[in-house]
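Anchor point for the sequence shown: position 94 equals 94 in my numbering, and the numbering is continuous, going up by one each time.
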Amino acid sequence: MSNRRDFIKNAALGTLGFSTILSCENLVKEEELAPYHAIKTPKKPLIISTWNHGLPANEETWKQLKNGKSAIDAMEAGMRIPEADPKVRSVGYGGYPDREGKVTLDACIMDHNSNCGSVSYLQGIKHPISVAKKVMQNTPHVMLSGQGALQFTLSEGFKEENLLTAEAETDWKKWMEESKYKPVINMENHDTISMLVIDENGNISGSCTTSGAAWKMHGRVGDSPIIGAGLFLDNEVGAAAATGLGEAVIRTAGSAMVVELMRQGKSPLEACKEIVERIFTKHKNHKDMEYLQVGFIAINKNGEHAGYSLRSGFNYAVADAEYGNRMEDAKFKIAE
Ligand code: ASP
């Protein structure tokens, strides 16, 4: 028999009502939100990460956490899976290049003490997430970029390699035939992996890694390595991370704003939705609106999680002890 306790339990696991409310614009009713706020004892650990490549990343992170690794080390191991996968066209090796045919990578990582490390515009290094971790642990800085980042990376013992696969090169050459910079956002060209974790101790950490927007201008850096834009967390409150058009996320300090709204008492879903609405409003008359897609994932200290995007089609992977590792569709504003 389904009762209020089940309802609350399901709500805590984020499985409540997804199929019934998926296609409505205004997705959350007040009475549905109340039980979310009531949950105080989350199941730990909890891992969420963007897009389908989040599944294998979650799986590895879960395994590492269970083997006693810290959340940072476990996340790093998880993120290295899509970074090394040549079939993932938006992250690491096999990622689509910029308009000059160069694969340039952005990544960041943040722990529950607000330590963070970030690397941007890195070339020839397969695992930027590991470099971001080294920046956090072995330098007095938060961000390293370009040539200096590469110099640091090599000094840490990483090896340079070619990240442009034959398949990505073929697609780039095809794009070159028209050579029209139009960053259409879809699964093929624009899917950062961002991951948020609550560990066994209830501490929150997060990370992002990406090859950024396909066919971007050479030198372009997106939101993903920018703490506050592509990723933000406050261990007292929760965490948020972004995917989609980085320029729009940077303009609105997206992830930091989601966390700030949660601090004010909004649930992860309410907070993500409000910031997506804000981005929509700010971009209504903007040249980027034609292809604008943004999505956020968020978790709070209570173990509630959510994903919300401007346009339909965004999903995220969730791993917890009760339901395992599975995909959930994010809610959205505009059905396409
Ligand atoms: N946000 C990333 C960027 O603009 C891309 C993505 O999410 O796929 O670089």
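No residue lacks a Cβ here, since even glycine has one placed at the ideal position from N, Cα and C.
- In the DSSP assignment, Gln147 falls within the alpha helix (DSSP H) that extends over 146 to 155.
- Separation of Thr50 and Thr210 (C-alpha to C-alpha, rounded to the nearest whole angstrom) is 11 Å.
- For the 9 Å CB-CB criterion, Trp175 and Leu164 do not form a contact.
- Proximity of the region 266 to 273 to the region 199 to 214 falls short of the contact definition, fewer than three beta-carbon pairs being nearer than 8 Å.
- The alpha-carbon of Ala306 is positioned some 28 Å away from that of Tyr96.
- Classified as buried, Leu292 has 16 or more neighbouring CB atoms from the shown chains inside 10 Å of its CB.
- If you draw a straight line from the Cα of Pro86 to the Cα of His53, it comes to about 12 Å.
- Between the ligand ASP and Glu247, a heavy atom-to-CB distance of less than 8 Å is present.
- In this structure, Gly238 is the residue among Thr192, Asn113, Gly238 with its C-alpha nearest to the C-alpha of Asn300.
- In the same chain as Gly94, and ignoring 5 residues on each side of it, the C-beta atoms closer than 8 Å to its own belong to Asp85, Pro86, Lys87, Val88, Leu163, Thr165, Glu167, Ala168, in chain order.
- When only Cα atoms are considered, Lys63 and Glu177 end up about 44 Å apart.
- Non-local beta-carbon contacts of Asp111 in its own chain, meaning distances under 6 Å to residues more than five positions away in sequence, involve Ile72, Ser205 in chain order.
- As DSSP reads the structure, Asn325 sits in a beta bridge with Ala319.
- Here DSSP, grouped into helix, strand and coil, assigns Asp106 to strand.
- Among the bridge pairs identified by DSSP, His305 is matched with Ile299.
- Using a Cβ-Cβ distance cut-off of 8 Å, the region 245 to 255 and the region 273 to 286 are in contact, since at least three pairs of beta carbons, one from each stretch, lie closer than that value.
- When secondary structure is reduced to three states using DSSP, Asp234 falls in the strand class.
- Distance from the CA of Gly68 to the CA of Asn201, rounded to the nearest whole angstrom, comes to 12 Å.
- Looking at the DSSP output, Thr209 sits in a beta bridge with Ala107, Ile193.
- Shown here, Ala239 sits in a strand according to DSSP, grouped into three states.
- When secondary structure is reduced to three states using DSSP, Gln123 falls in the strand class.
- Here DSSP, grouped into helix, strand and coil, assigns Gly222 to coil.
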